Amino acid sequence: MHSSWWLTFLILVPFAGALAVALVRKVEGRAYIVAIATSAVEFVLSLVVACLYNDHIAKAQTFDFATRHVLAAPFGLAYDVSIDGISLLMVVLTALTVLLALFGARDRRQEPAFVAWMLLLTCFTMGSFLSHDLLEFFVFFELTLVPCYFIIFQWGGRERAKAALKFFIYTFTGSAFLFVGILYLGFMHQHQNPSSVLTFSYSALSGTAMSQGTAVWLFIAFAIAFAVKAPIWPLHTWSPITYAEAPTAGSIELSALLAKLGTYGLLRFAVGLFPLALVSMRPVFLTLAVIGILYGSMLACTTPDLKRFIAYSSLAQMGFITLGVMSGSTIATVGAVLLMFNHGVITIGFFLIIGFIEKRRGSILIKDFQGLQGPAPIMAALFTVVMLASIGLPGLSGFVSEYLILIGTFATHTWWAVVATTGVLASALYLLWAYQRVFHGRAEGANAEIADATTSEKWVLVPVVVLIIVLGVFPKPVLDRITPSVQQLITHVAPAGLNK
Amino acid sequence: MKLVIPSIHYLAILPVLIFFGATLALVLASALARGKVPLVVATSTVIAAAAASIAVNFWQWRCVAKAGASVTIAHAIVLDDFSVVASGVIALSVIMTALVAHDWAIRERVSGVEFHILALASSAGALLMTQANDLIVIFLGLEILSIGLYVLAAFDRHRTTSLEAALKYFLLGGFASAIFIYGAALVYGATGSTNLTTISYFLGSNVLLHPGLLYAGGALLLVGFAFKIAAVPFHLWSPDVYEGAPTPVTGLMASIVKVGAFAALIRVLISALGTQLDTWRPILWILIVLTTVVGASLAVVQRNVKRMLAYSSINHAGFILLGVWAGTIRGTAATLFYVITYAPIVVATFAIVTLIGGVGDEHHSIERYQGLARRQPWLGGAMAVLLLSQLGVPLTTGFYAKFAVLASVIDAGAGALALIALISAAIAAFFYLRWAMALYSDDGLEDARIVVPRPTAVVIGFGVVVTLVFGIWPGPLVTLAQHATVLFTP
Numbered sequence: 001m002h003s004s005w006w007l008t009f010l011i012l013v014p015f016a017g018a019l020a021v022a023l024v025r026k027v028e029g030r031a032y033i034v035a036i037a038t039s040a041v042e043f044v045l046s047l048v049v050a051c052l053y054n055d056h057i058a059k060a061q062t063f064d065f066a067t068r069h070v071l072a073a074p075f076g077l078a079y080d081v082s083i084d085g086i087s088l089l090m091v092v093l094t095a096l097t098v099l100l101a102l103f104g105a106r107d108r109r110q111e112p113a114f115v116a117w118m119l120l121l122t123c124f125t126m127g128s129f130l131s132h133d134l135l136e137f138f139v140f141f142e143l144t145l146v147p148c149y150f151i152i153f154q155w156g157g158r159e160r161a162k163a164a165l166k167f168f169i170y171t172f173t174g175s176a177f178l179f180v181g182i183l184y185l186g187f188m189h190q191h192q193n194p195s196s197v198l199t200f201s202y203s204a205l206s207g208t209a210m211s212q213g214t215a216v217w218l219f220i221a222f223a224i225a226f227a228v229k230a231p232i233w234p235l236h237t238w239s240p241i242t243y244a245e246a247p248t249a250g251s252i253e254l255s256a257l258l259a260k261l262g263t264y265g266l267l268r269f270a271v272g273l274f275p276l277a278l279v280s281m282r283p284v285f286l287t288l289a290v291i292g293i294l295y296g297s298m299l300a301c302t303t304p305d306l307k308r309f310i311a312y313s314s315l316a317q318m319g320f321i322t323l324g325v326m327s328g329s330t331i332a333t334v335g336a337v338l339l340m341f342n343h344g345v346i347t348i349g350f351f352l353i354i355g356f357i358e359k360r361r362g363s364i365l366i367k368d369f370q371g372l373q374g375p376a377p378i379m380a381a382l383f384t385v386v387m388l389a390s391i392g393l394p395g396l397s398g399f400v401s402e403y404l405i406l407i408g409t410f411a412t413h414t415w416w417a418v419v420a421t422t423g424v425l426a427s428a429l430y431l432l433w434a435y436q437r438v439f440h441g442r443a444e445g446a447n448a449e450i451a452d453a454t455t456s457e458k459w460v461l462v463p464v465v466v467l468i469i470v471l472g473v474f475p476k477p478v479l480d481r482i483t484p485s486v487q488q489l490i491t492h493v494a495p496a497g498l499n500k
Numbered sequence: 501m502k503l504v505i506p507s508i509h510y511l512a513i514l515p516v517l518i519f520f521g522a523t524l525a526l527v528l529a530s531a532l533a534r535g536k537v538p539l540v541v542a543t544s545t546v547i548a549a550a551a552a553s554i555a556v557n558f559w560q561w562r563c564v565a566k567a568g569a570s571v572t573i574a575h576a577i578v579l580d581d582f583s584v585v586a587s588g589v590i591a592l593s594v595i596m597t598a599l600v601a602h603d604w605a606i607r608e609r610v611s612g613v614e615f616h617i618l619a620l621a622s623s624a625g626a627l628l629m630t631q632a633n634d635l636i637v638i639f640l641g642l643e644i645l646s647i648g649l650y651v652l653a654a655f656d657r658h659r660t661t662s663l664e665a666a667l668k669y670f671l672l673g674g675f676a677s678a679i680f681i682y683g684a685a686l687v688y689g690a691t692g693s694t695n696l697t698t699i700s701y702f703l704g705s706n707v708l709l710h711p712g713l714l715y716a717g718g719a720l721l722l723v724g725f726a727f728k729i730a731a732v733p734f735h736l737w738s739p740d741v742y743e744g745a746p747t748p749v750t751g752l753m754a755s756i757v758k759v760g761a762f763a764a765l766i767r768v769l770i771s772a773l774g775t776q777l778d779t780w781r782p783i784l785w786i787l788i789v790l791t792t793v794v795g796a797s798l799a800v801v802q803r804n805v806k807r808m809l810a811y812s813s814i815n816h817a818g819f820i821l822l823g824v825w826a827g828t829i830r831g832t833a834a835t836l837f838y839v840i841t842y843a844p845i846v847v848a849t850f851a852i853v854t855l856i857g858g859v860g861d862e863h864h865s866i867e868r869y870q871g872l873a874r875r876q877p878w879l880g881g882a883m884a885v886l887l888l889s890q891l892g893v894p895l896t897t898g899f900y901a902k903f904a905v906l907a908s909v910i911d912a913g914a915g916a917l918a919l920i921a922l923i924s925a926a927i928a929a930f931f932y933l934r935w936a937m938a939l940y941s942d943d944g945l946e947d948a949r950i951v952v953p954r955p956t957a958v959v960i961g962f963g964v965v966v967t968l969v970f971g972i973w974p975g976p977l978v979t980l981a982q983h984a985t986v987l988f989t990p
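Listed in order, the protein sequences are those of chains G and F.
The first sequence runs 1 to 500 under our numbering.
The second sequence runs 501 to 990 under our numbering.
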């Protein structure tokens, strides 16, 4: 066991950073430097944790760095953190996202409030991924709404008020179901063990005995909250407007990171805690996933602006992740976890580039652009790499994860996998078409004057491209960390749930 | 025939006596003093009385810890930890309101001490309600509480809305009282007593062959309470009264009436009619669903923040009722916890509304809040925190309050009820957030800088600190609420 202090630091560092930002807010530009430094420290910390975790998995324990302190006994509120391979990847993604998002938001460096909210958001997201206690998870999960809300509302586009409100209300309503589900589960556990105090510890609750009917209801309650967050069709309707109206850094946080809270929660809590529900719920959610893939691809073709475009393509990608998570196959689940990370990196790339274009042109409407690759070849090249990774070109990161998901699902749920595969083709269609419309052709007027990527913009995108290529060619170190944890989860779930 | 004076345990009624004593002192002072009694004197008297009452609460707490709960004055008054904590909350709200009202009175050039006299008298009624162990005493408390508030609502006599509010409050409140006393009479007819302990004992040891009278009486009592806490469909007075009454009065109304009425409601439903749990639960179920959902939904369409807060407080009343519905120790503790945390927040919120209202207490449209947090980050930030707390965001007491009542309801086996209530909270999020949005929006009134007098600043600061500190570290308050209920529920 490693010291849990590492994880506590992961939560505390961004919080301390936010406080520091508040203290130095009066000095011009200082806040931005503090924020960058904080997120750099956070990223290094997450890498240290990732390295430490490595020599641990040989001992075949899944959860590491664990600690538990009860805070308010009558409420069953506890501080309980630990990680396994799945959350580890999310932790690294969280740290990476905030670092890149802050780098990408250099034009907001005069606004201490903005960077403070970003750091707080990191703190809360980190807390959610590290939580090993359902109530603690819920608290962090809800808290992420507050910074997001303020980021969207204060720095968003023209319809930001509507977007922020829609985002908050949707997620808050979804959480209502989760909250009732968590409380219900906690009390069910307490009633089964009359001597025990109220607890929401993941390890304690995962042993709760329940009938199949109860399991299904609880699964649905949990899944609604996570489906809103992810988003999974048909609960996605908040996401296009929110992604489009949020400032670039906000869109990055939302789609690269917070969406993963949904799929992560679905895997860890909904699937992990209610194996009995899977028999009946699996086909339902696989179908929703497939619909999401097709629907997202279809709308991505027709949408007029670039951010909505990414929102719909994300919906399709979330469909793939859901497919893997619900498939019940280890391979597909590993692929899904990997895709959570890869999709995060790819979306960071997309939104950064779109942000750069938006800054130059003040528009994100596809019809306003033409032939950008003439005046801005480097930007076009970077976009191409990210786009090809998203399509799933072999040798780039997207391929590995989609491939794993599809072969895994094919083994357990053939027909869903078959239909989902058309989604891969569709992604090539809508992405290439969008690329054509924006970058090909003759640049005229404002499009011809557009400046290519500056040095700092190139450097922000370097880590994205490197990760896309490295994880496409050599994903083994990551897979080695995910697989045992997923294996454990699937074994816990499988006997009751797998209907093959 | 010899008249027997029942024995009186003076410590038990000392807080009420202090409040009445202070009231009388102020009345006498204003009658005897040459010229007018200065405002500072009146405010200090109120604060001193409330502080003394809180000190007595500590003493009572130790006494209860040593000797257990006790009844006095012919079993009509009870002294237990529940009443002690509830009284403490009321006294605290009175102190906060007095500070806000002080600045308000200076701004509005209200001279004279009538405001303070009435506030003290009303609060004494609320204190009495927390300790009442007899339907008649509850009625007394209710009337003392209400009559003061009727007049307070009309205090701003230059504004017709204030008069209208008072008249409406008076008429409907009068109805409610009449209904309540009728219910008490019917319960007396069914059980032979108005004493809660005796009723409970009677119902526990006898089977009523014809319970109709009891049911009718209980239902009427419930209606009386529902009026006071503004539960839907008995809420119609509340938005108008909240809007029309002077803002500090609204704050007082929202805090002490809730504490007093819920304390008494719990005693009636759980102490006296605990055996009839299965009868009143379904009624309460419907009442809660209506109250939470209608309260939240109607708040969404309001443009006047005081009306909005009225509907918000209706929604909160629904949540507090959840704890009563549970009918368990956990539920009672949750109810108490909810009112403990809600009272300071709501008074502080109305303190800010008082400030923004400006001279004449008239500017209560949500537009007045536009850009407040940009012009005055501390004031606007405090408002945002208070709103988020009412919304129930984690790390504020509002979250734990909702958590506590929902936990008690789910523990008692009503997941659906909890879900409906929570969804109403999501609806409520809409208007809390719209308000918070106004605070942070750009297009504000540039010149309108609000001056925050120190006493009001203290109140606002106190509310914010309480909600944040106990939001991060709810342990002590939870323990307090739980302790307070251990000696209470049968």
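A virtual CB, placed ideally from N, CA and C, is assigned to each residue, including glycine.
Since the structure is predicted, the reported quantities are computational estimates derived from the model, not experimental observations.
Quick check on residue 79 (chain G) - is its C-beta less than 7 Å from some C-beta in chain F?
For the purposes of this step, residue 79 (chain G) is taken as the residue at position 79 of the first sequence. Chain F, which has no Cβ nearer than 7 Å to the Cβ of residue 79 (chain G), makes this no.
DSSP bridge partner residues for residue 804 (chain F) (one or two, in chain order):
As a position in the second sequence, residue 804 (chain F) is number 304, starting the count at 1. Note: residue 804 (chain F) sits in a beta bridge opposite F:865.
DSSP bridge partner residues for residue 131 (chain G) (one or two, in chain order):
Position 131 of the first sequence, counting from 1, holds the residue named residue 131 (chain G). Per DSSP, G:81.
Quick one: Cα of residue 921 (chain F) to Cα of residue 787 (chain F), how far?
Taking the second sequence and counting its residues from 1, the one referred to as residue 921 (chain F) is at position 421. Taking the second sequence and counting its residues from 1, the one referred to as residue 787 (chain F) is at position 287. Straight-line Cα distance between these residues: approximately 11 Å.
Counting only runs that start and end within the stretch 225-270 of chain G, where is the alpha helix (DSSP H) found for 4 or more residues in a row?
239-245, 248-252 and 259-265
Determine which residues share a DSSP beta bridge with residue 201 (chain G) and list them.
Numbered from 1 along the first sequence, position 201 holds the residue referred to as residue 201 (chain G). Paired residue(s): G:133.
Is the CB of residue 631 (chain F) under 7 Å away from at least one CB in chain G?
Here the question's residue 631 (chain F) lines up with position 131 in the second sequence. Output row for residue 631 (chain F): interface = no.
Please confirm if residue 838 (chain F) has its CB atom under 7 Å from at least one CB of chain G.
Stepping through the second sequence from its first residue, residue 838 (chain F) is reached at position 338. No, residue 838 (chain F) does not count as interfacial toward chain G.
Note down, in chain order, every chain G residue with its Cβ under 8 Å from the Cβ of residue 930 (chain F).
Taking the second sequence and counting its residues from 1, the one referred to as residue 930 (chain F) is at position 430. 165 and 169, listed in chain order.
If you draw a straight line from the alpha carbon of residue 891 (chain F) to that of residue 794 (chain F), how long is it in whole angstroms?
Residue numbering aside, residue 891 (chain F) sits at position 391 when the second sequence is read from its first letter. Residue numbering aside, residue 794 (chain F) sits at position 294 when the second sequence is read from its first letter. Distance between the alpha carbons of residue 891 (chain F) and residue 794 (chain F) is about 16 Å.
Using DSSP's beta-bridge definition, name the partner residues of residue 778 (chain F).
Locating residue 778 (chain F) in the second sequence gives position 278, where the first residue counts as 1. According to DSSP, which records beta bridges pairwise, residue 778 (chain F) is partnered with nothing at all.
List the whole-angstrom C-beta distance separating residue 900 (chain F) from residue 971 (chain F), where the pair is believed to meet the contact cut-off of C-beta under 8 Å.
As a working mapping, residue 900 (chain F) is identified with position 400 in the second sequence. As a working mapping, residue 971 (chain F) is identified with position 471 in the second sequence. Yes, they are in contact, since the Cβ atoms of residue 900 (chain F) and residue 971 (chain F) sit about 7 Å apart, within 8 Å.
Quick check: what's the CA-CA separation for residue 505 (chain F) versus residue 570 (chain F)?
In the second sequence, residue 505 (chain F) corresponds to position 5, counting from 1. In the second sequence, residue 570 (chain F) corresponds to position 70, counting from 1. Distance between the alpha carbons of residue 505 (chain F) and residue 570 (chain F) is about 18 Å.
In its own chain, which residues sit with a C-beta less than 8 Å from the C-beta of residue 667 (chain F), not counting the 5 before and 5 after it?
Residue 667 (chain F) sits at position 167 when you count from the first residue of the second sequence. For residue 667 (chain F), where only same-chain residues beyond five positions count, the Cβ hits under 8 Å are 654.
Just to confirm, are residue 831 (chain F) and residue 818 (chain F) a CB contact at a threshold of 7 Å?
Taking the second sequence and counting its residues from 1, one reaches residue 831 (chain F) at position 331. Taking the second sequence and counting its residues from 1, one reaches residue 818 (chain F) at position 318. Going by C-beta atoms, residue 831 (chain F) is not nearer than 7 Å to residue 818 (chain F).
Partners in chain F for residue 579 (chain G), counting only beta-carbon separations shorter than 8 Å:
The first residue shown for chain G is 1 and the last is 500, placing residue 579 (chain G) beyond what the model contains.
Do we get a CB-CB distance below 7 Å when we pair residue 322 (chain G) with the residues of chain F?
For this step, residue 322 (chain G) is matched to residue 322 along the first sequence. Chain F, which has no Cβ nearer than 7 Å to the Cβ of residue 322 (chain G), makes this no.
Secondary structure, alpha helix (DSSP H): runs of 4+ residues fully inside the stretch 810-863 of chain F
829-857
Please state whether DSSP places residue 505 (chain G) in a helix, a strand or coil.
Missing from the structure shown is residue 505 (chain G); chain G here goes from 1 to 500 and no further.
Check each candidate in F:754, F:690, F:592 and F:609 and name the one with the smallest Cα separation from residue 646 (chain F).
The residue labelled residue 646 (chain F) in the question sits at position 146 within the second sequence. Residue F:754 is the option with its Cα nearest to residue 646 (chain F).
Going straight from the alpha carbon of residue 636 (chain F) to that of residue 930 (chain F), what length do you get?
Sequence index remark: in the second sequence, residue 636 (chain F) carries index 136 (1-based). Sequence index remark: in the second sequence, residue 930 (chain F) carries index 430 (1-based). If you take the alpha carbons of residue 636 (chain F) and residue 930 (chain F), they lie about 42 Å apart.
According to the neighbour-count rule (16 or more other Cβ atoms, all chains shown, within 10 Å of its Cβ), is residue 560 (chain F) buried or exposed?
On the second sequence, residue 560 (chain F) is found 60 positions in, with the first residue counted as 1. Residue 560 (chain F) comes out buried.
Going by the CB atoms, is the gap between residue 376 (chain G) and residue 450 (chain G) shorter than 7 Å?
Within the first sequence, the letter at position 450 stands for residue 450 (chain G). Within the first sequence, the letter at position 376 stands for residue 376 (chain G). Yes, they are a contact pair.
So residue 156 (chain G) and residue 245 (chain G) are in contact, right, with Cβ under 8 Å, and what is the actual spacing, rounded?
The residue given as residue 156 (chain G) occupies position 156 in the first sequence. The residue given as residue 245 (chain G) occupies position 245 in the first sequence. Indeed, because the Cβ distance is near 4 Å, the residues count as touching under 8 Å.
May I have the straight-line CA-CA distance separating residue 909 (chain F) from residue 723 (chain F), to the nearest angstrom?
In the second sequence, the residue the question calls residue 909 (chain F) occupies position 409. In the second sequence, the residue the question calls residue 723 (chain F) occupies position 223. Those two C-alpha atoms are separated by around 22 Å.
Quick check: is the beta carbon of residue 897 (chain F) nearer than 7 Å to any beta carbon in chain G?
Translated into positions along the second sequence, residue 897 (chain F) becomes position 397. No, its Cβ sits nowhere closer than 7 Å to a Cβ of chain G.
Residue 706 (chain F) in three-state terms, based on DSSP
Position 206 of the second sequence, counted from the first residue, corresponds to residue 706 (chain F). Three-state result, residue 706 (chain F): coil.
Would you check if there are 3 or more beta carbon pairs closer than 8 Å linking the stretch 129-142 of chain G to the stretch 17-37 of chain G?
no
Does residue 142 (chain G) have its Cβ less than 7 Å from a Cβ in chain F?
For the purposes of this step, residue 142 (chain G) is identified with residue 142 of the first sequence, where counting begins at 1. Yes, residue 142 (chain G) lies at the interface with chain F (some Cβ there is under 7 Å from its Cβ).
Which residues DSSP lists as bridging residue 797 (chain F), in chain order:
Along the second sequence, read from residue 1 onward, the residue named residue 797 (chain F) stands at position 297. Note: residue 797 (chain F) sits in no beta bridge, so no partner.
For residue 173 (chain G), would you say it is in contact with chain F, using Cβ-to-Cβ distances shorter than 7 Å as the test?
In the first sequence, residue 173 (chain G) corresponds to position 173, counting from 1. Interface residue, yes.
Report the three-state DSSP secondary structure of residue 208 (chain G) (helix, strand or coil).
For the purposes of this step, residue 208 (chain G) is taken as residue 208 along the first sequence, with counting starting at 1. Coil, per DSSP.
Could you tell me how far apart the beta carbons of residue 351 (chain G) and residue 248 (chain G) are, in whole angstroms, since I believe they sit closer than 8 Å?
For this step, residue 351 (chain G) is matched to residue 351 along the first sequence. For this step, residue 248 (chain G) is matched to residue 248 along the first sequence. 6 Å between Cβ atoms; contact.
Taking residue 898 (chain F) as the reference, give the member of F:702, F:648, F:857 and F:812 with the closest Cα.
On the second sequence, position 398 is the one that residue 898 (chain F) refers to. Nearest of F:702, F:648, F:857 and F:812 to residue 898 (chain F), Cα basis: F:812.
Return the Cβ separation of residue 620 (chain F) and residue 546 (chain F) in integer angstroms, given the expectation that the two are a contact with Cβ distance under 8 Å.
Locating residue 620 (chain F) in the second sequence gives position 120, counting from the first residue. Locating residue 546 (chain F) in the second sequence gives position 46, counting from the first residue. Between residue 546 (chain F) and residue 620 (chain F) the Cβ distance is about 6 Å, and since that is below 8 Å, they are a contact.
Extent of the continuous alpha helix (DSSP H) run through residue 434 (chain G)
On the first sequence, position 434 is the one that residue 434 (chain G) refers to. It spans 414-439 - the alpha helix (DSSP H) in which residue 434 (chain G) sits, taken as one unbroken run.
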